[in-house]
Amino acid sequence: MNDTGKMDSAEVALSKLEAGQVLDVATGNGGFITFLLDNIKSFTEITGIDLNERPLDAARKVFLQGNIRLLRMDANQMEFMDGVFDTVCIANSLHHLENPDQVLAEMWRVCKTDGTLLICEMYRDGQTKTQQTHVDLHHWWAAVDRADGIHHLETYTRQEILDITQKLGLKAMEYFDMKDLEADPKEPELVKDLDGIIDRYLQRAQGSSGEAQLIERGEELRRRVHATGFHGATSLLVIGRK
């Protein structure tokens with residue numbers, strides 16, 4: 022097991038990956054595709070799937086390459102044959118899924134024998150004070166989503182992510198804790214962006230079940246952003262072979 026705690030160690034491992042045909046599950050606006058493009062050695066084609074058309078439309082405006090395609094598809098029942106992808110990944114989405122075991126089983130099914138699975142997920146424990154701002158914000162966003170009828174759980178602990186991934190039966194598993202604490206946690210543009218996100222979630226919270234508590238929590242978190250600052254929470258990247 023490789024628990025380096027350094028982003029560059031994950032980048033070294035990914036820089037050796039000849040990814041071939043890639044599937045990014047729950048791709049959203051393609052943030053993890055960008056991460057892959059910046060870090061993997063090579064690929065033939067990347068397919069991103071998501072059930073929500075809106076982020077896919079945004080991603081299509083960014084990824085204009087002919088070898089990147091973005092499809093609306095249910096990850097619980099993928100429309101692919103068995104064993105068609107060399108690399109299958111999912112990032113920061115397990116806690117959004119109603120049935121993560123089913124999605125992981127589908128990822129396993131469409132991955133080639135000896136293919137690579139990548140699972141990247143932020144976790145909630147063992148964070149710095151500035152990273153805890155991200156965790157607490159994310160959990161508040163999840164609470165607003167749930168009040169709006171959207172399935173969104175709080176993030177897992179690191180051990181829970183280990184438990185989920187280890188029961189997949191992958192070979193040659195590697196683990197990397199990825200974090201970046203170098204940026205200014207109170208950088209003005211960052212704080213401005215977070216204020217805007219908080220405002221949008223406060224608007225969504227209005228009229229919802231538990232409105233008063235959600236709004237109070239949102240304003241508390243705004244004060245925390247300004248007083249403590251913000252760094253992205255550490256994520257666990259798991260790399261293994263089928």
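In terms of the working numbering, the sequence shown is residues 22 to 263.
From the three backbone atoms N, C-alpha and C, an ideal C-beta is built for every residue, glycine too.
DSSP places Ser63 in the strand class (E or B) of the three-state scheme. The segment 139 to 147 makes no contact with the segment 72 to 87; the number of CB pairs closer than 8 Å stays below 3.
Residue pairing by DSSP puts Leu92 in a beta bridge opposite Ile70. DSSP places Lys133 inside the beta strand (DSSP E), whose first and last residues are Cys132 to Met143. Excluding residues up to 5 positions away in sequence, Glu66 lie with their Cβ nearer than 6 Å to the Cβ of Asn88 in the same chain.
By the Cβ-count criterion, His247 is exposed, with fewer than 16 other Cβ atoms from all chains shown falling within 10 Å of its own Cβ. In the pairwise beta carbon analysis, the segment 204 to 224 is classified as not touching the segment 115 to 129: fewer than three pairs are separated by under 8 Å.
Residue burial annotation: Ala226 is buried, with at least 16 other C-beta atoms found within 10 angstroms of its C-beta. Sequence-distant partners of Ala112 (beyond 5 residues in either direction) whose C-beta falls short of 6 Å from its own C-beta, in its chain, are Phe53 and Cys141.
Put simply, the segment 215 to 231 does not touch the segment 41 to 61. Fewer than three CB pairs are less than 8 Å apart.
Your pair Val259 and Tyr177 does not check out as a contact, with CB atoms roughly 12 Å apart and the cut at 8 Å. For Thr249, the enclosing alpha helix (DSSP H) covers residues Glu232 to Thr249.
Residue burial annotation: Arg90 is exposed, with fewer than 16 other C-beta atoms found within 10 angstroms of its C-beta. Here Leu211 carries a helix assignment [DSSP, helix/strand/coil]. The segment 152 to 165 makes no contact with the segment 127 to 137: fewer than 3 CB pairs, one atom from each, lie closer than 8 Å.
Residue state for Thr108 is assigned as strand, using DSSP reduced to three classes. Nearest to Asn120 by alpha-carbon distance, out of Ala47, Leu38, Lys263 and Met194, is Ala47. In the three-state reduction of the DSSP assignment, Glu39 falls in the strand class.
The Cβ neighbour count for Ile171, taken over all protein chains shown within 10 Å, is under 16; the residue is labelled exposed. The three-state reading of DSSP puts Ala204 in coil, since its state is none of H, G, I, E or B. Per DSSP, the unbroken alpha helix (DSSP H) holding Lys150 starts and ends at Lys150 to Ala168. According to the DSSP assignment, Glu195 belongs to the beta strand (DSSP E) that extends over Lys192 to Met199. For Leu183, the enclosing alpha helix (DSSP H) starts and ends at Arg179 to Gln187.
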